[in-house]
């Protein structure tokens, strides 16, 4: 009799596993961003008039902006909860150089950036809640540079004779969440709004999120009925658990 119960339970448990997986697919696991911490840093090309993932007006790209790794960004597509947040970034050291390149604390290069983009890099931006990126960090900032506001000369230059190059391409930094009042584009007209050309809910670029509690929703939970799917499957999970309990009696 016990054997037949196990045979009944197996397919039910398989259904439960599938439903839990499907529910997870409709949601996005996010990393809570602390007020301060450590991260890795790279830089990428962003055209001067580009409209990045958050949908901020292209005026914002005239000032220091950055992309954030996907799990911390909070959405797989378009805008996410991290959009518009401002951080003070300070370079601590170059990543994996021989000999080590470490900046004294009183000589660390710093900048305040606004998050306007999502970094999808498999190498640097793939951290999860339990697995860091290749630099051992759970957070990664991809700074829009070279640009008028952040030229490559902003980065510390390594001794070419000693290292064989001046730009290591990746850095280890410390970051702190700050009010966007410290950001160079804060008082500039239209630098902190969603670009009007997008229309609807395609963009979200709050002026000072985290300090005004005006935080963007995760777009990936709104597209293709993902939220409704997750809700429906959650009810299905409860039903399956009830069946398992009854059959096990």
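Numbering (mature numbering (1 follows the signal peptide of the UniProt record, and there is no 0)), first residue to last: -24 to -1, 1 to 225.
Yeah, the Cβ is synthetic: ideal placement off N, Cα and C, and Gly gets one too.
Computed from a prediction, not measured in an experiment: that's the story for all the values here.
- Cα atoms of residue 69 and residue 87: separation of roughly 15 Å, rounded to the nearest angstrom.
- Secondary structure at residue 48: helix, using DSSP grouped into helix, strand and coil.
- In this structure, residue 26 lies away from residue 104, with their beta-carbon atoms at least 7 Å apart.
- Beyond the five residues adjoining it in sequence on each side, residue 73 comes within less than 8 Å, by CB distance, of 134, 139, 144 in the same chain, given in chain order.
- Rounded to whole angstroms, the gap between the alpha carbons of residue 181 and residue 157 is 15 Å.
- By the beta-carbon neighbour count (other beta carbons within 10 angstroms, threshold 16), residue 119 is buried.
- Residue state for residue 141 is assigned as coil, using DSSP reduced to three classes.
- Put simply, the stretch 73 to 85 does not touch the stretch 45 to 63. Fewer than three CB pairs are less than 8 Å apart.
- Under the criterion of beta carbons closer than 8 Å, residue 187 and residue 152 do not qualify as touching, at roughly 13 Å.
- Membership of residue 20 in the beta strand (DSSP E) is indicated by the continuous run 12 to 20.
- When DSSP reads this structure, residue 70 sits in a beta bridge with 147.
- With contacts defined as CB atoms closer than 7 Å, residue 179 and residue 171 qualify as a contacting pair.
- Going by C-alpha positions, residue 102 is about 7 Å away from residue 96.
- In the assembly as shown, residue 51 is a buried residue. Its beta-carbon has 16 or more other beta-carbons within 10 Å.
- Within the same chain, and ignoring the five residues on either side of residue 113 in sequence, the residues whose Cβ sits closer than 8 Å to its Cβ are 14, 15, 16, 103, 148.
- Inclusion of residue 24 and residue 126 in the CB contact set at 7 Å is not warranted, their separation being larger than that value.
- Assigned with DSSP and collapsed to three states, residue 65 falls in strand.
- For residue 91, the uninterrupted beta strand (DSSP E) segment begins and ends at 86 to 95.
- Looking at the DSSP output, residue 106 sits in no beta bridge, so it has no partner there.
- Within the same chain, Cβ atoms closer than 6 Å to the Cβ of residue 11 are found at 153, the five residues on either side in sequence being excluded.
- Secondary-structure assignment with DSSP links residue 119 through a beta bridge to 19, 42.
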